[in-house]
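First comes the structure, then the notes that go with it.
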Amino acid sequence: MATYAIGDVQGCYPELKRLLEKLRFDPAADRLWFCGDLVNRGGQSLDTLRLVHSLRDNAIVTLGNHDLSLLAIAQRKQDAQARVNPELREVLFAEDAQTLLDWLRTQKLLHLDEGIGWTMVHAGLAPSWTLKQAQRCALEVERELASPRHPRLLKNLFGNRPAAWASRLQGIERMRASINTLTRMRFCDVSGRIDFESKGAPGSQKPGMYPWFEVPGMRKRDTRIVCGHWSALGRFAGLDVYGIDTGCVWGGKLTALRLDGEEPQYITVDAEPHRKRMPGED
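When the letters of the sequence shown are read in order and numbered with full-length UniProt numbering, they come out as residues 1 to 282.
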């Protein structure tokens with residue numbers, strides 16, 4: 001049995017199909033982990049969601065910022081939904097939209113498999129978090145999203161404040177801080193305050209900011225972490241962190257990382273020729 005983590009798909013359905021073929025994915029034996037951002041920008045988000053949903057008994061998804069944005073847009077009135085980009089409109093007005101959105105809303109923010117020693121998030125972890133704290137913060141959000149109270153959270157999802165998670169936070173502010181950390185973070189300072197504007201490669205950040213996995217004094221965690229979200233980081237391996245957003249939607253590659261062997265193994269497919277070759281933004 002093989003376990004593969006797959007980086008940001010972002011609606012790149014043909015590449016996902018080719019990657020699964022290259023993996024010789026066997027639903028009877030193998031498992032897939034998706035690092036989030038299944039949707040938006042690649043052109044075929046509906047087909048992507050339908051494919052991953054069809055594999056749901058063999059797949060684990062951690063939500064990305066684009067996935068949460070789709071869920072938030074789905075809470076708006078239909079005339080407002082009709083004004084979003086055509087790719088997301090196709091999802092929102094599909095005959096199976098409610099099935100897909102209800103399923104997406106019940107996915108994870110963090111997944112830990114102690115048996116193979118891997119944790120998956122979309123973006124990163126706050127420097128002050130132990131692994132147990134990260135699990136608790138993710139679970140708080142997961143429970144709210146899966147509950148009848150989810151519209152309130154999704155309607156208050158957006159915002160850059162608070163910029164850092166803190167134990168004193170409560171309610172919506174606490175959950176927004178957790179969501180921002182788990183799904184939007186690239187650079188932060190030693191207190192965990194996120195720089196939401198900087199999206200370049202390490203070395204391009206403002207003074208006092210660090211890649212989230214290089215913050216001085218950050219908590220040690222006895223796990224390897226696989227994540228996406230940061231296409232400018234690209235394929236990265238260091239400090240027990242493995243970044244696998246290799247910018248497929250921007251003309252790069254779609255990457256899978258095999259997690260169950262002694263050493264992680266990368267498997268990639270090239271983006272379709274029509275993809276624009278430009279740096280990712282989100």
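All C-beta atoms in this analysis are idealised placements derived from N, C-alpha and C, irrespective of residue type, glycine included.
(Q) According to DSSP, simplified to helix, strand and coil, what is Cys12? (A) coil
Q.
Using beta carbons (cut-off 9 Å, strictly below), is Glu142 in contact with chain D?
A. Of the protein chains in the structure, only one exists, and it is not chain D.
Q | Proximity winner among Gly43, Leu109, Val121, relative to Val241 (alpha-carbon distances) | A | For the set Gly43, Leu109, Val121, the Cα lying nearest the Cα of Val241 is the one of Val121.
Q. For Leu100, is the classification buried or exposed, using 16 other Cβ atoms within 10 angstroms of its Cβ as the cut-off for buried?
A. buried
Q. Going by C-alpha distance, which of Tyr266, Arg219, Ala166 is nearest Arg193?
A. Per the C-alpha coordinates, the member of Tyr266, Arg219, Ala166 positioned closest to Arg193 is Ala166.
Q: Please report how far the alpha carbon of Ile172 lies from the alpha carbon of Lys22, in whole angstroms.
A: 42 Å
Q) Alpha carbon to alpha carbon, what distance is there between Leu182 and Leu20? A) 26 Å
Q: Report, in whole angstroms, the separation of the C-beta atoms of residue 284 and Leu157, which I expect to be a contact under 8 Å.
A: Since the first and last residues shown for the chain are 1 and 282, residue 284 lies out of range.
Q. Does the separation of the CB atoms of Gly36 and Leu71 fall below 9 Å?
A. no
Q | Host alpha helix (DSSP H) of Gly171 (start-end) | A | 171-184
(Q) Spatial neighbours of Ala82 within its chain, please: C-beta separation below 7 Å, excluding the five flanking residues on both sides. (A) Arg89
Q) Below 8 Å, can you find three or more Cβ-Cβ pairs linking the segment 42-55 to the segment 7-19? A) yes
(Q) Buried or exposed for Ala5, going by 16 or more other Cβ atoms inside 10 Å? (A) buried
Q | Chain-order list of residues whose beta-carbon lies under 6 Å from that of Asp8 (same chain, five-residue window excluded) | A | Asp37, Gly228, Asp245
Q) Does any heavy atom of the ligand FAD sit closer than 8 Å to the C-beta of Gln205? A) Although the ligand FAD was asked about, the structure shown includes no ligands whatsoever.
Q: Check each candidate in Gln265, Val190, Lys77, Gln75 and name the one with the smallest Cα separation from Met218.
A: When Gln265, Val190, Lys77, Gln75 are compared, the shortest CA-CA separation from Met218 is found for Val190.
Q | Endpoints, beta strand (DSSP E) assigned at Gln265 | A | 265-270
Q: Note down, one range per segment and in chain order, each alpha helix (DSSP H) of at least 4 residues found wholly within the UniProt domain "Calcineurin-like phosphoesterase" (4-129).
A: 13-23, 45-54, 65-73, 78-81, 86-92, 97-105
Q: Output the distance between the C-alpha atoms of Trp129 and Arg143, rounded to the nearest integer angstrom.
A: Going by C-alpha positions, Trp129 is about 19 Å away from Arg143.
Q) Considering only the beta carbon of each residue, do Ile225 and Leu125 sit closer than 9 Å? A) yes
Q. Anyone know if the C-beta pair for Gly251 and Gly234 falls short of 9 Å?
A. no
Q) Around the C-beta of Asp67, are 16 or more other C-beta atoms found within 10 angstroms, so that it is buried, or is it exposed? A) buried
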